[in-house]
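**Student:**
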Amino acid sequence: MAADIIFWILAAVCAGAAGAMILVKNPGHSALLLVFCFSALGGIFGLLEAPFAAAIQILVYAGAIMVLFIFVVMMVDPRAGIPLEGRKRAKILGPAIGLVLLFELGTAVWRAFGRTSGPAASGAAGSPVEVGRRLFTEFIYPFEITSLLILAALVGAVVLGKKEQSEP
Amino acid sequence: MTTGAVVGLSLVLFVLGVIAFFVKRDLLTQFMAVEIMLNAANLAFLGLAQGAERLDAQVIVFLVMTVAAAEAAVGLAIILLVFRRKKSIASKDFRTLRG
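As you go down the protein sequences, you meet chains D and P in turn.
Number 156 in this note's numbering belongs to position 156 of the first sequence; there are no gaps in the numbering.
Number 238 in this note's numbering belongs to position 70 of the second sequence; there are no gaps in the numbering.
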């Protein structure tokens, strides 16, 4: 029961922060709201008995990725060339497309879970130990490929950041 | 806290990400909207896996997050590069590919 209350609070924080991120104008504020959203999502991951996913959600997303975003927000001038009042068409069309998508996916979710929404099964806790064992045995190839991808992204980011300065 | 509620929350988050992507008009916030959508997918993954009592979802979520981190690093580098060249991050300034 307590888990239910915590889940709904976290869900409200998460959806509220994501909604507020649409409404605020300043990209810096958007980034901070997103930190809120991702932290709450980390809590929900914890409730879903996925402590490892919760930990890396907080560390990687709310920590590393959002700090990277905030660095970039500081480096670029967020107001350069952005008209605060935009085209009317995008303002109306965006939420309209969103509502259509919400209706469509909502129907699908309702059909799938509306009637048989029993309480989520609890039991086999996904302990980090077991996740690590899986990662290094069953999923060793995806894991190694990911490390190659990270290396490529690292080199790519460095090259992209450097190129402009060597040009005149 | 049912599986349906968790999937419903991920649905709401995904739609909010889509709306943010369409409404916002600077590259940075649009990129953040993509991150919201990725997170919504992760949440759906974990919620459904918990209903089915599978552990593999956490491994997949880990892989998705590493890919997202790599994508964020390269994407932000590109945004910085584009800002240095055009002195703007408004997405309306980048329509060179439009016919």
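Virtual Cβ for every residue (Gly too), placed ideally from N, Cα, C.
Source: prediction; values computed, not measured.
1. Which residue marks the beginning of the alpha helix (DSSP H) containing P/Arg222, and which one marks its end?
2. Would D/Ile150 pass as a contact of P/Ala240 if the rule is Cβ separation under 7 angstroms?
3. Put D/Gly123 into one of helix, strand or coil per three-state DSSP.
4. Pick helix, strand or coil for D/Thr137, following the three-state DSSP scheme.
5. Over the uninterrupted alpha helix (DSSP H) stretch that includes D/Glu104, give me the two end residues.
6. Between P/Ala209 and chain D, is there a C-beta pair that is closer than 7 angstroms?
7. Cα separation between P/Leu249 and D/Gly161?
8. Alpha helix (DSSP H) containing P/Thr171: first to last residue?
9. Taking C-beta pairs closer than 7 angstroms, name the residues in chain D that P/Val113 reaches, listed in chain order.
10. Whole angstroms are fine: how far does the CA of P/Val175 sit from the CA of P/Ala236?
11. Between D/Phe45 and the rest of its own chain, which residues show a CB-CB distance below 6 angstroms, the 5 nearest in sequence each way excluded?
12. Going along chain D in order, which residues have a C-beta closer than 7 angstroms to the C-beta of P/Val227?
**Tutor:** Inspection of the coordinates gives the following:
1. Per DSSP, P/Arg222 belongs to no alpha helix (DSSP H) and is neither H nor E.
2. no
3. Per-residue confidence for D/Gly123 stands at a pLDDT of 49, beneath the threshold of 50, marking its modelled position as unreliable; the derived number appears in the next sentence. D/Gly123: coil per DSSP, three-state reduction.
4. helix
5. Lys88 to Phe113
6. no
7. 7 angstroms
8. Thr171 to Val191
9. What is shown of chain P runs 169 to 267, which leaves residue 113 of chain P out entirely.
10. 21 angstroms
11. Ala53, Ala54 and Gln57
12. Val131, Arg134, Leu135 and Phe139
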